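**Student:** After the structure tokens below, expect a handful of questions from me.
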Amino acid sequence: MRAINRQPRRGTRALLAVLPFVIVAILYLIGSALRLADNPTDKLLPALSSFADTIDRMALSEDPRTGDVIWWLDTGASLVRLFVALSISTLISLCLGIAIGLLPHVKALMGAFVGVFSMVPPLAVLPILFIVLGLGEASKITLIVIGLAPVMIRDLALRTEELPTQQLIKAQTLGASTFGIVQRVVLPQILPRLLDSLRLSLGPAWLFLIAAEAIASESGLGYRIFLVRRYLAMDVILPYVAWITLLAFLMDLGLRRVQSLAFPWFAAARTA
Amino acid sequence: MSAITIRNLWKEYDERVVLERINLEIEPRAFVALVGPSGCGKTTFLRMLLSEEVPTRGEITIDGKPIAGEPTAERGVVFQRYSVFPHLTVLGNVLLGLEFERGGFFARLFGAARAKAIAEAREMLACVGLAEHEKKYPAQLSGGMQQRLALAQALIRKPKVLLLDEPFGALDPGIRGEIHALMRRLWNEEEITVVMVTHDLAEAFGLATRVIAFERPRFDPVDGDRYGAVIKQDIEVWPRRIAGQASPHKTPPAAPPLAPSSETAPGRDDPAIPAGLGRDDLALQA
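Quick note, the sequences are listed as chains Z and V, same order. Those letters in the first sequence? Residues 117 to 388, per the working numbering, in order. Those letters in the second sequence? Residues -10 to 275, per the working numbering, in order.
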């Protein structure tokens, strides 16, 4: 039988999915054990026990100096920035994307501008943001928005243009106004596509967040990683990276769930 | 129920002449089928009736008034594909026309107005035989059922003119027969003038009161796009079909008055039809 026709069974499928994770874990444990056997004070690949110590120290007990639980303080600060930035990007891209995709005048006005603006490298304007907006939350959130919004605007404008012309004509023959078409025909069909766009934007969003936090911040997951880097504290960095990965994965999963629950028609309509 | 008049209509794209010298009087409640080879401009003609395209020269009037420059509710339409909205249920698709009509700025109805609209939409759905599918999404319907839904959706706004762009072209022959019967009945019952583009001559002569053939009569060997298509044939279908009257030449009539769900000839693949009633069903042979 050809390889393209061979389907794994249910159990095999689950096993295969877990396998790469197990291999990475095993490789890490071997490497860590070898290095620690060589030098018990090695910092590069800490043992699992030191991770447990770190998590206990940072996530489960209060910082003796400030009384905060650092892990959750960092997580909260980062997530607030991320959610505010994602909400602003979503709102901007939804309004502008639909307007550009649907209204020829707005497309003529904004199309080229958004196209050029989306090519501005966000990290290159970060110093400008710090100079203009100061080192507070505004500059970090603005960085993420500048990084995400232009791409999402273009994506949603394309999705809007992709809607069959027949649908727009049909809506007009049913007596719809422009606003009626936007909110009864276009918006409901763009929302599930927005969730797709948002899922793809999560990666860049975290990238810009951590970059901004690394440079100027007093809390946040990215801030902490770059802070303890000075002490080669891999026992902090690695759990933080894993935690960020888990958060990003859960957000992606959540968005996918929302898409299938809130828009049950979408999966079938997409393949049709 | 409206007369359509087309006077000296031309359509050109840059140097390319698509249609030229089209003059046509369509009487109220006529069912006109437009036929012709691919690329002869019959769909372009329909788009101009819909105001999706603007004629280069000439004018189109409905009941003596020039048509609006954009699609309006007086002209309903059913396309071959993408006629229904994938994000709305069957009921929602039919309801949408009423919501656009009466729902004001937000195109939504509430309370008694909504209940009344739902009742009207259900009546329309029963009329096309989709009553028990109202909660489904279009992607869950067969092609024939989607087109029946598209007809219901277009007719709920009571358009004067119904424009059909190869609406049944993608359907299986059996399903097509059913939907022809439905189309015939709707044309008889609703006060509409129908213009249908089709490439199926049997369909054209089977449904229409008048068949109009477009063709490019002249061909310039140097510049093939120099001359556009004109009306080559204008055939009145005989025996004459008159809306609202059963054809005297057909016994029994094509659409016998049966129960609503079986008013169209049931096909064997239609999930709307319970077992034992389908046309090819073995249970009926005895």
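Ideal Cβ placement from N, Cα and C applies to all residues, glycine included. Keep in mind the model is a prediction, meaning the values are calculated, not measured.
Using a C-beta to C-beta distance shorter than 8 Å, which residues of chain V count as neighbours of T289(Z)?
**Tutor:** L39, P60, T61, A62, R64, G65, V66, A143, R146, P148
**Student:** Secondary structure at W(-1)(V), three-state DSSP: helix, strand or coil?
**Tutor:** strand
**Student:** What's the C-alpha gap between V344(Z) and I353(Z)?
**Tutor:** Distance between the alpha carbons of V344(Z) and I353(Z): 7 Å.
**Student:** Tell me which same chain residues have a C-beta within less than 7 Å of the C-beta of V6(V), skipping the five on either side of it?
**Tutor:** Taking V6(V) as the centre and dropping the five residues before and after it, the same chain places the C-beta of D214, R215, Y216, G217 closer than 7 Å to its C-beta, in chain order.
**Student:** Using 8 Å as the threshold, is the C-beta distance between G263(Z) and F199(Z) below it?
**Tutor:** At the C-beta level, G263(Z) and F199(Z) stay beyond 8 Å of one another.
**Student:** Can you tell me whether V21(V) is buried or exposed? The criterion is at least 16 other CB atoms within 10 Å of its CB, across all chains shown.
**Tutor:** buried
**Student:** Just by C-beta distance, which residues in the segment 283 to 307 of chain Z are closer than 8 Å to chain V?
**Tutor:** Q283, I285, K286, A287, Q288, T289, L290, G291, A292, S293, F295, G296, Q299, R300, V301, P304, Q305
**Student:** Using a C-beta to C-beta distance shorter than 8 Å, which residues of chain Z count as neighbours of G86(V)?
**Tutor:** L290, G291
**Student:** Quick check for students: name the residue ranges of the alpha helix (DSSP H) that lie wholly in the segment 103 to 161 of chain V, counting only runs of 4 or more.
**Tutor:** With a minimum length of 4 residues, the continuous alpha helix (DSSP H) runs that stay inside the segment 103 to 161 of chain V are 132 to 144.
**Student:** So, are the CB atoms of E42(V) and R(-4)(V) less than 8 Å apart?
**Tutor:** no
**Student:** Any beta carbon from chain Z within less than 8 Å of H76(V)'s own beta carbon?
**Tutor:** It does: the Cβ of H76(V) has a partner Cβ on chain Z nearer than 8 Å.
**Student:** For P44(V), collect the residues of the same chain with a Cβ closer than 7 Å to its Cβ; drop the 5 residues on either side in sequence, then sort them by chain order.
**Tutor:** Closer than 7 Å at the Cβ level, and outside the excluded window around P44(V), lie L(-2), W(-1), K0, M37.
**Student:** Can you pull the chain V neighbours of P162(Z), defined as C-beta to C-beta under 9 Å?
**Tutor:** Within chain V, not a single residue places a beta-carbon under 9 Å from that of P162(Z); the smallest gap is close to 51 Å.
**Student:** For the alpha helix (DSSP H) that contains E48(V), what are its first and last residues?
**Tutor:** Taken as a continuous stretch (DSSP letters only), E48(V) belongs to no alpha helix (DSSP H), being part of the beta strand (DSSP E) at 46 to 51.
**Student:** Just mark N82(V) as buried or exposed, buried being the case when its beta carbon has 16 or more other beta carbons within 10 Å.
**Tutor:** buried
**Student:** So with Cβ pairs under 8 Å, would you call A215(Z) a contact of chain V?
**Tutor:** no
**Student:** Note down, in chain order, all residues in the segment 170 to 184 of chain V with a beta-carbon under 8 Å from any beta-carbon belonging to chain Z.
**Tutor:** none
**Student:** Within the 8 Å Cβ cut-off, does P220(Z) reach chain V?
**Tutor:** no
**Student:** What did DSSP end up calling R174(V) once you bin it into helix, strand or coil?
**Tutor:** The answer is helix: DSSP assigns R174(V) an H, G or I state.
**Student:** Against chain Z, with Cβ distances strictly below 8 Å, would A101(V) count as a contact?
**Tutor:** At a cut-off of 8 Å between beta-carbon atoms, A101(V) makes no contact with chain Z.
**Student:** Going straight from the alpha carbon of A330(Z) to that of A215(Z), what length do you get?
**Tutor:** About 36 Å.
**Student:** Taking 7 Å as the cut-off, does the CB of I142(Z) come closer than this to any heavy atom belonging to the ligand PLP?
**Tutor:** Looking for the ligand PLP in the displayed structure turns up nothing, as the structure carries no ligands at all.
**Student:** Whose Cβ in chain V lies nearer than 9 Å to the Cβ of T385(Z)?
**Tutor:** The question names Thr, yet the displayed sequence has Ala at residue 385(Z). Per Cβ cutoff of 9 Å: P75, H76, Y126, P127, A128.
**Student:** So, under 8 Å CB-CB, A202(V) and G25(V) are touching, yes? Tell me the CB distance rounded to an integer number of Å.
**Tutor:** 5 Å
**Student:** Looking at C-alpha atoms only, which residue of M350(Z), W322(Z), K286(Z), A119(Z) is the closest neighbour of L202(Z)?
**Tutor:** W322(Z)
**Student:** Looking at L152(V): is its Cβ nearer than 8 Å to the Cβ of V66(V)?
**Tutor:** yes
**Student:** Below 8 Å on the Cβ atoms is my contact criterion, and I expect G319(Z) with D190(Z) to pass it. Report the Cβ-Cβ distance as a whole number of Å.
**Tutor:** Wrong, their Cβ atoms sit about 20 Å apart, outside the cutoff.
**Student:** Note down, in chain order, every chain Z residue with its Cβ under 7 Å from the Cβ of F94(V).
**Tutor:** The answer, in chain order, is F295.
**Student:** Relative to the C-alpha of T198(V), which residue among Q222(V), R229(V), A96(V) is closest?
**Tutor:** In this structure, R229(V) is the residue among Q222(V), R229(V), A96(V) with its C-alpha nearest to the C-alpha of T198(V).
**Student:** Can you pull the chain Z residues whose beta carbon is under 7 Å from the beta carbon of S27(V), in chain order?
**Tutor:** The contacting residues do not exist; S27(V) stays about 19 Å from chain Z at best.
**Student:** At 4 residues or longer, what runs of the alpha helix (DSSP H) sit wholly inside the segment 198 to 239 of chain Z?
**Tutor:** 220 to 233
**Student:** Suppose the cutoff is 6 Å on Cβ atoms and the five residues either side in sequence are ignored; what does the same chain contact list for G158(V) look like?
**Tutor:** Q69
**Student:** How would you label F74(V), buried or exposed, when you count the other beta carbons within 10 angstroms and need 16 or more for buried?
**Tutor:** buried
**Student:** What residues match up with L336(V) in a beta bridge as DSSP calls it?
**Tutor:** This structure leaves residue 336(V) out entirely; chain V is present only between -10 and 275.
**Student:** Within this structure, are the beta carbons of A385(Z) and S376(Z) separated by less than 8 Å?
**Tutor:** no
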